[in-house]
Amino acid sequence: MKKTLLLVDGSSYLYRAYHAMPDLRNAQGQPTGALYGVISMLRRLLHDYKDAAHYGACVFDAPGGSFRDQLYPQYKANRPSMPDDMRTQIPAIHAAAAALGWTVIAMPGVEADDVIGTLAAQAAKDGLYTIISTGDKDLAQLVNDRVELINTMSGERQDPAGVMQKFGVPPDRIIDYLMLTGDAVDNVPGVDKVGPKTAAKWLAQYGSIENLVAHAGEIKGVAGANLRQAMANFPLTRDLLTVRLDCDLPPENTALAMPLREPDQATLIQLYETYGFRTWLREITGESDRIPAQDARAAQPDAVPAAPDGVQYDTILDKDHFAQWLQRLRQADLVALDTETTSLDPMAARLVGLSVSVRAGQAAYIPVGHTAPGTPDQLDRAWVLDQLRPWLEDATVPKLLHNAKYDSHVFANEGVALRGVRHDTMLQAYVLQSHRRVNLQDLCIQWLGITGTTYEDLCGKGAKQIGFDELALDQAAHYAAEDADFTLRLHQVLLPKVLADEGLARTYQLEIDTSAVLTRIERNGVAIDAQVLARQSHELGQQMLDLETQAHALAGQPFNLNSPKQLGEILFTQMQLPVLRKTAGGAPSTDEEVLTRLAADYPLPRLLLDYRGIAKLKSTYTDKLPRMINPETGRVHTRYAQAAVVTGRLASSDPNLQNIPVRTAEGRRVRSAFVASLGRIVSADYSQIELRVMAHVSGDENLRKAFADGLDIHRATAAEVFGVAPDQVDAEHRRAAKAINFGLIYGMGEFGLASNLGITRAAAKSYIDRYFMRYPGVADYMDRIRRQAREQGYVETVFGRRLYFPDLAGAKGPRAAAAERAAINAPMQGTAADLIKMAMVAVQDWLSGQDLRSLMVMQVHDELVFDVVPEELDILRQRVPELMAGVARLAVPLIAEVGVGRDWGEAH
Numbered sequence: 049m050k051k052t053l054l055l056v057d058g059s060s061y062l063y064r065a066y067h068a069m070p071d072l073r074n075a076q077g078q079p080t081g082a083l084y085g086v087i088s089m090l091r092r093l094l095h096d097y098k099d100a101a102h103y104g105a106c107v108f109d110a111p112g113g114s115f116r117d118q119l120y121p122q123y124k125a126n127r128p129s130m131p132d133d134m135r136t137q138i139p140a141i142h143a144a145a146a147a148l149g150w151t152v153i154a155m156p157g158v159e160a161d162d163v164i165g166t167l168a169a170q171a172a173k174d175g176l177y178t179i180i181s182t183g184d185k186d187l188a189q190l191v192n193d194r195v196e197l198i199n200t201m202s203g204e205r206q207d208p209a210g211v212m213q214k215f216g217v218p219p220d221r222i223i224d225y226l227m228l229t230g231d232a233v234d235n236v237p238g239v240d241k242v243g244p245k246t247a248a249k250w251l252a253q254y255g256s257i258e259n260l261v262a263h264a265g266e267i268k269g270v271a272g273a274n275l276r277q278a279m280a281n282f283p284l285t286r287d288l289l290t291v292r293l294d295c296d297l298p299p300e301n302t303a304l305a306m307p308l309r310e311p312d313q314a315t316l317i318q319l320y321e322t323y324g325f326r327t328w329l330r331e332i333t334g335e336s337d338r339i340p341a342q343d344a345r346a347a348q349p350d351a352v353p354a355a356p357d358g359v360q361y362d363t364i365l366d367k368d369h370f371a372q373w374l375q376r377l378r379q380a381d382l383v384a385l386d387t388e389t390t391s392l393d394p395m396a397a398r399l400v401g402l403s404v405s406v407r408a409g410q411a412a413y414i415p416v417g418h419t420a421p422g423t424p425d426q427l428d429r430a431w432v433l434d435q436l437r438p439w440l441e442d443a444t445v446p447k448l449l450h451n452a453k454y455d456s457h458v459f460a461n462e463g464v465a466l467r468g469v470r471h472d473t474m475l476q477a478y479v480l481q482s483h484r485r486v487n488l489q490d491l492c493i494q495w496l497g498i499t500g501t502t503y504e505d506l507c508g509k510g511a512k513q514i515g516f517d518e519l520a521l522d523q524a525a526h527y528a529a530e531d532a533d534f535t536l537r538l539h540q541v542l543l544p545k546v547l548a549d550e551g552l553a554r555t556y557q558l559e560i561d562t563s564a565v566l567t568r569i570e571r572n573g574v575a576i577d578a579q580v581l582a583r584q585s586h587e588l589g590q591q592m593l594d595l596e597t598q599a600h601a602l603a604g605q606p607f608n609l610n611s612p613k614q615l616g617e618i619l620f621t622q623m624q625l626p627v628l629r630k631t632a633g634g635a636p637s638t639d640e641e642v643l644t645r646l647a648a649d650y651p652l653p654r655l656l657l658d659y660r661g662i663a664k665l666k667s668t669y670t671d672k673l674p675r676m677i678n679p680e681t682g683r684v685h686t687r688y689a690q691a692a693v694v695t696g697r698l699a700s701s702d703p704n705l706q707n708i709p710v711r712t713a714e715g716r717r718v719r720s721a722f723v724a725s726l727g728r729i730v731s732a733d734y735s736q737i738e739l740r741v742m743a744h745v746s747g748d749e750n751l752r753k754a755f756a757d758g759l760d761i762h763r764a765t766a767a768e769v770f771g772v773a774p775d776q777v778d779a780e781h782r783r784a785a786k787a788i789n790f791g792l793i794y795g796m797g798e799f800g801l802a803s804n805l806g807i808t809r810a811a812a813k814s815y816i817d818r819y820f821m822r823y824p825g826v827a828d829y830m831d832r833i834r835r836q837a838r839e840q841g842y843v844e845t846v847f848g849r850r851l852y853f854p855d856l857a858g859a860k861g862p863r864a865a866a867a868e869r870a871a872i873n874a875p876m877q878g879t880a881a882d883l884i885k886m887a888m889v890a891v892q893d894w895l896s897g898q899d900l901r902s903l904m905v906m907q908v909h910d911e912l913v914f915d916v917v918p919e920e921l922d923i924l925r926q927r928v929p930e931l932m933a934g935v936a937r938l939a940v941p942l943i944a945e946v947g948v949g950r951d952w953g954e955a956h
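With my numbering, letter number 272 in the sequence shown gets 320, and the count goes up by one each step, no holes.
1. Looking only at DSSP bridge pairs, what is S731 linked to?
2. Whose C-alpha, out of S746, V406, D386, is nearest the C-alpha of Q379?
3. Out of M876, Q877, L856, D357, which one is the CA nearest neighbour of A867?
4. Just the Cα atoms here: how many angstroms apart are D220 and L385?
5. What is the DSSP secondary structure of T363, counted as helix, strand or coil?
6. Quick check on the DSSP output: the alpha helix (DSSP H) that includes P2 runs from which residue to which?
7. Report all residues from its chain with a CB closer than 6 Å to the CB of A347; omit the five preceding and five following residues, and keep chain order.
8. If you follow the alpha helix (DSSP H) that M592 is part of, which residue opens it and which one closes it?
9. Starting from Q206, trace the beta strand (DSSP E) both ways and give me its first and last residue.
10. Classify D296: buried if its beta carbon has 16 or more other beta carbons within 10 angstroms, exposed otherwise.
11. Report yes if the C-beta distance between L609 and A599 is below 7 Å; otherwise report no.
12. Should L148 and L72 be called a contact, given that it needs their Cβ atoms to be closer than 7 Å?
13. Rounding to the nearest angstrom, what Cα-Cα distance links V917 and F799 in this structure?
14. For the ligand GDP, any of its heavy atoms closer than 6 Å to the Cβ of R687?
15. Assuming E228 and V242 make a contact with CB atoms under 8 Å, what is their CB distance in whole Å?
16. Roughly how far, in whole angstroms, is the beta-carbon of I816 from the beta-carbon of I872, given that I think they are within contact range, below 8 Å?
17. Are S731 and E911 touching if we call contact CB-CB under 7 Å?
18. Our contact map puts L53 next to G112 with C-beta atoms below 8 Å; I'd like the distance itself, whole angstroms only.
19. Per DSSP, which one or two residues make a beta bridge with K98?
20. DSSP puts N199 in a beta bridge; with which residues?
21. What's the gap between the Cα of D350 and the Cα of Q489?
22. Report, in whole angstroms, the separation of the C-beta atoms of S735 and I943, which I expect to be a contact under 8 Å.
23. Please state whether DSSP places T178 in a helix, a strand or coil.
24. Which class does R901 belong to by DSSP, given the choice of helix, strand or coil?
25. Grab me the residues of V158's own chain with a C-beta within less than 7 Å of its C-beta, minus the 5 sequence neighbours each way, in chain order.
26. May I ask you to report which of helix, strand or coil DSSP gives E159?
27. Using a threshold of 7 Å, state whether the C-beta atoms of A691 and M474 are closer than that.
28. Quick check: the segment 507-526 against the segment 233-249, are there 3 or more CB pairs under 8 Å?
29. Rounded to whole angstroms, what's the CA-CA distance from A939 to F755? Just pull it up for me.
30. For M821, does the count of other Cβ atoms within 10 angstroms reach 16, so buried, or fall short, so exposed?
31. Between L427 and V464, is the Cβ-Cβ spacing less than 7 Å?
32. Any idea what DSSP makes of Q313, helix, strand or coil?
33. Under 8 Å, with one C-beta from each stretch per pair, do the segment 450-459 and the segment 469-486 reach the 3-pair mark?
34. Given this structure, state the Cα-to-Cα distance separating M49 from L176, to the nearest angstrom.
35. Work out the CA separation of H457 and L197 for me, nearest whole Å.
36. Tell me, to the nearest whole angstrom, how far the beta carbon of D951 is from that of V723; I am working on the premise that it is less than 8 Å.
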């Protein structure tokens with residue numbers, strides 16, 4: 049067996065772990081995500097190479113610059129400064145790496161890449177083979193017959209042939225390749241608008257960058273002009289990109305002086321106890337009760353599953369191969385399915401290819417729309433879809449996807465109705481941990497300990513990004529098949545965790561059902577009257593001009609209302625208004641919070657707030673909405689993010705229907721542009737849903753009785769708090785009671801209430817004390833939820849959805865107070881989210897079951913909006929509120945109120 053040196057690019061590991069892992073913290077509130085991620089990767093590497101590697105080092109960048117910063121002051125200038133939460137974990141990461149048996153190197157003035165290059169060169173002289181574990185493409189220049197790169201998280205290996213396959217150039221041309229493409233991460237300039245494909249093509253044609261420069265005059269068009277302009281920088285960029293092989297390393301850092309050691313168990317025990325890594329501690333000691341129970345909120349996933357024995361990804365290019373895989377699909381109990389497309393816009397995306405997996409490690413990709421030069425013949429898209437249609441549209445055949453709503457749109461765009469979506473790994477992860485990211489890449493790192501090639505790795509970023517259809521087929525096929533394979537593997541880990549808890553299982557099924565309804569709502573879209581918006585936009589523009597004139601008069605001179613600098617000069621230098629807060633740059637802040645506080649005493653800030661509100665309404669809605677009308681459908685199709693909000697609420701975007709202002713007349717008028725295309729708009733809205741949930745979860749008898757008796761809850765609260773008969777409650781009493789009712793369910797304290805009502809803190813405290821005296825169950829509930837959130841790290845909705853609050857771990861001061869307020873509100877908001885989702889599913893099932901032509905077109909907060917044909921109006925007005933009220937039985941009645949109109953504004 050070859051004597052082998054195993055080198056770890058520790059800085060690459062650090063950044064990948066920090067950005068991939070969630071915000072984990074121990075009982076003391078110390079961040080632990082990057083530490084956990086790096087230890088996990090190092091452990092996996094040691095396991096995979098325990099019999100092959102004899103020497104090893106983990107190499108990190110040291111603080112401070114290197115010679116490259118002297119060569120080029122803009123080197124790495126685009127990188128943000130290292131986050132404090134990352135920096136504080138570095139000493140523990142170094143200690144953990146050393147305790148695991150690695151030699152840890154961080155040389156001041158020398159980058160980790162150069163240390164790795166020098167060690168690899170030394171090892172070759174000493175007769176060693178070198179394996180470098182990294183995610184950094186720059187190190188591909190080191191690959192030769194004695195050096196290879198590995199990416200342990202994706203399983204990718206790069207020997208000379210692997211480098212050629214990935215980049216299209218051999219290792220000894222990687223520097224030339226990077227000189228052409230540039231390195232955006234390190235801010236090393238390349239040739240403008242030259243991406244990986246062009247760079248590889250030029251080097252294949254001319255052999256080297258020197259020969260390319262000699263023939264630069266032959267390169268035509270914009271690319272040639274950009275090449276000739278960039279050539280003056282080539283000596284500098286070569287210097288910046290070349291990994292040094294001759295660093296002056298101390299004797300103790302030579303390869304032969306760095307044998308991999310046995311782990312230092314005592315140090316590891318101390319680290320695992322300190323940072324709350326229970327599973328790893330249990331491996332060493334057999335138990336983990338020395339870790340404070342509070343650390344359970346940052347519990348890590350169980351030991352990652354073993355990788356499959358072998359990985360086989362097929363690319364299907366002929367009908368016989370297709371037939372073999374179709375038979376496998378028909379025989380499989382569950383198939384993971386994924387699409388590759390031309391766009392992230394679900395209504396515009398067209399199919400480029402689809403991938404399937406029937407067993408961990410086994411997947412296939414069926415390309416149907418790749419356009420890169422040299423792409424082999426592909427199966428015809430229409431033929432493939434016709435062959436797959438019976439399987440895709442069979443509701444009895446279970447299918448697994450990641451974000452099935454998107455793929456359902458893609459198939460619908462191709463005329464296929466995807467049915468049988470039984471599972472969705474995005475929704476599984478969301479139900480388990482709604483406070484964490486749910487993209488496939490992050491989930492695979494977290495739960496499987498692996499990662500694959502990212503879309504950006506293959507297609508680039510920003511202006512240089514190419515479409516997936518332009519990608520070389522071999523790269524595209526591996527990426528696509530990997531997605532299907534990883535989805536299946538992830539499902540095998542996540543589903544048992546979901547089904548182990550009755551509440552989570554119920555929530556997951558609700559999310560699966562909701563996904564199908566949202567797909568239908570998004571495809572339905574809603575009709576927009578562009579002429580109404582054009583008139584409103586003109587009127588808003590006139591109002592802005594009027595407000596601008598008034599502002600100039602108040603200031604005594606003209607100025608740009610959109611310029612923070614000029615505004616600060618007017619408000620704080622000339623008018624001498626008090627400076628309430630400064631920006632990071634030291635200038636007086638003119639943000640909305642500052643202007644709101646100043647507006648209580650000065651007219652100009654009030655006017656500026658009005659101007660900003662109208663300007664935002666104009667730019668975001670009246671100007672933008674007409675441009676968002678789909679030319680094929682004539683309607684606006686919002687996108688609902690189902691797994692984006694911790695509490696289970698939906699988020700709407702493109703356009704955001706949930707942020708249309710309703711407190712101003714101008715904002716309410718925007719709704720009048722959402723019109724009926726079938727006959728009438730019907731709006732069905734839960735009445736005071738979160739207050740009703742508060743009555744249910746708190747168990748307060750007075751609050752429950754008020755709802756049971758059908759009282760005006762704000763009037764009832766005013767009567768209780770102010771000690772007057774209900775018929776003696778005046779408008780001011782009711783306004784204060786409304787602020788208390790809604791404020792307390794959002795965890796508002798006396799300061800917030802005082803600010804909201806414009807009263808003293810003493811008066812606000814008196815109101816709150818009287819409220820809790822009349823509604824003691826609410827006070828008990830709030831204390832109970834605070835305790836529960838701190839003890840277990842999460843709270844639950846009435847139906848078992850878990851809502852995590854990791855910020856409570858070790859938090860103090862304002863951060864802890866904010867987390868507590870969120871925890872108090874979460875069961876109400878989360879239960880309301882569950883209820884509206886239940887209502888959507890129930891109503892859509894009824895619409896479909898009755899073969900009605902009316903459409904559900906929007907979901908906004910606690911409201912469902914329908915485009916209704918005239919002959920179905922009466923039945924919808926009767927049945928929809930009944931269905932909404934009947935989806936669950938709470939301790940107080942659920943009530944849905946219905947409005948009808950020619951447009952949304954009239955109906956709401």
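Virtual Cβ for every residue (Gly too), placed ideally from N, Cα, C. All of these numbers come straight from a predicted model, not from anything done at the bench.
With the structure as the only source:
1. V913, G947
2. V406
3. L856
4. 39 Å
5. strand
6. In the structure as shown, the chain starts at 49 and stops at 956, and residue 2 therefore has no counterpart that could be examined.
7. Residue placement at A347 cannot be trusted, given a pLDDT of 41 that sits under 50; the coordinates are not used to answer.
8. 578-603
9. 204-206
10. exposed
11. yes
12. no
13. 50 Å
14. In the structure shown, the ligand GDP is absent, as is every other ligand, since no ligand is present at all.
15. In the sequence on display, residue 228 carries Leu and not Glu. Their Cβ separation, rounded to whole angstroms, is 5 Å, which keeps L228 and V242 in contact under 8 Å.
16. The Cβ separation is near 13 Å, so there is no contact.
17. yes
18. With 8 Å as the limit, L53 and G112 do not qualify as a contact, their Cβ atoms being about 27 Å apart.
19. Bridge partners of K98: none, in fact.
20. E204
21. Summary for D350: the model assigns pLDDT 49, below 50, so the residue's position carries little reliability, and this model does not support an answer.
22. 4 Å
23. strand
24. coil
25. S114, C295
26. coil
27. yes
28. yes
29. 9 Å
30. exposed
31. no
32. helix
33. yes
34. No answer about M49 holds up, because its pLDDT of 47 lies below 50 and its placement is not dependable.
35. 39 Å
36. 5 Å
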